[in-house]
DNA sequence: CTCTTGTTTCACATATTCGTGAAGTTACTG
DNA sequence: CAGTAACTTCACGAATATGTGAAACAAGAG
């Protein structure tokens, strides 16, 4: 079966839209979607600019962001001067890690809050409970990912 | 121990900053933080405007957003004409539910992607794997929340 | 029924974000 | 050591978002 490019473009824009609604910046979302929708998972900056109809500058900015977040890798084949961008195989693992770090930050802030309010005050208690919830979730994450890996291995085997 | 109002205000701004960095809009984040830091968990619009030094209009907008997201409830005592806004006790449960709905949306979009790319193509396979991951996480959520409730009950008892 | 108090809506000014074109930089080729 | 292809940086203009004051809008009190 060959690719229906029109349908693929439609998908890219739709999925990018969903990501955007979830808080992603527009261009990074589109670039990420375009990479996901490629068989090789790799595209040059020029290809990205072409399919998304954006300037090289926009590609540059979007890609810098995605690389910083470790969702995308930059590769250059020796003897070539064009970069290739590639979605990491473990994007969702990376995303989970990042969520973990976000949780840590929230926890830190909430701890400050408990201190500022006093652990005995009603507000302090409420905040300590929120803190406990986040600690719990963060503690469960590794286990969750382990179960996923187990299940995936089973499905493959 | 009495509240050190200055420290509390500092905490409110810091925590709101963390939320803002995580994608929250500024004013809703500040209002939410202010409510979290209150012993009663309830404040009037005027009190919010006062402590945060913002206009009633800004309070109105922020609160509408938070109520829509179901993070905050609006209450009015009979015989009064001032609203009281209150953080829901189960804010984090609500947040989890919302994440669930977000996951559903992502899954829908990815399903479209698999269809557009063909389940047999490499890109289609990659997308199907992402889809499976999200389905897995969503499936685990109820269990996770149940474990939290169990642990919390134990801690209380 | 009118007064008063509290909330919401609206138009506007401001601030921020975003994407582009153009110039600048890097690095491979011959 | 040019020459050139590709990427990046920068300054600008456009589009968006944000918060405010003023006016309109409830709704209880007298």
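Chains as they are written, first to last, in this note's numbering: chain A, 1 to 157; chain B, 158 to 314. Cβ atoms here follow ideal geometry from the backbone N, Cα and C, with glycine treated the same way.
The Cβ neighbour count for residue 23(A), taken over all protein chains shown within 10 Å, is under 16; the residue is labelled exposed. Taking 7 Å as the cut-off, the beta carbon of residue 71(A) is found closer than this to the beta carbon of residue 91(A).
Counted as a single uninterrupted DSSP element, the beta strand (DSSP E) harbouring residue 232(B) occupies residues 229 to 233. The alpha carbon of residue 89(A) has as its nearest neighbour, out of 73(A), 101(A), 82(A), 104(A), the alpha carbon of 73(A). Counting C-beta atoms within 10 angstroms of its own C-beta, residue 175(B) has 16 or more neighbours from the protein chains shown and is therefore classed as buried. Annotation for residue 83(A): no alpha helix (DSSP H) segment contains it, though the beta strand (DSSP E) segment containing it runs 83 to 87. For the segment 15 to 37 of chain A, residues whose beta-carbon sits nearer than 7 Å to a beta-carbon of chain B comprise 15, 18, 22, 23, 36, 37.
For residue 279(B), the neighbours in chain A by C-beta distance under 9 Å run, in chain order, 38, 39, 40, 41.
Between residue 224(B) and the set 260(B), 164(B), 189(B), the nearest pair of CA atoms involves 189(B). Cβ proximity to chain A below 8 Å picks out 197, 198 from the segment 197 to 221 of chain B.
When the alpha-carbon of residue 185(B) is set against those of 217(B), 197(B), 196(B), the nearest one is in 217(B). Residue environment: residue 126(A) is assigned as buried (16 or more neighbouring CB atoms within 10 Å of its CB, all protein chains considered). Secondary structure note for residue 99(A): its alpha helix (DSSP H) is the uninterrupted segment 91 to 117. Of the residues 211(B), 239(B), 215(B), the one whose Cα lies closest to the Cα of residue 200(B) is 239(B).
Sequence-distant partners of residue 193(B) (beyond 5 residues in either direction) whose C-beta falls short of 7 Å from its own C-beta, in its chain, are 244. About 5 Å separates the beta carbon of residue 209(B) from that of residue 187(B), a gap short enough to meet the 8 Å contact definition.
Each of 117(A), 134(A), 145(A) was checked against the Cα of residue 306(B), and the nearest Cα belongs to 134(A).
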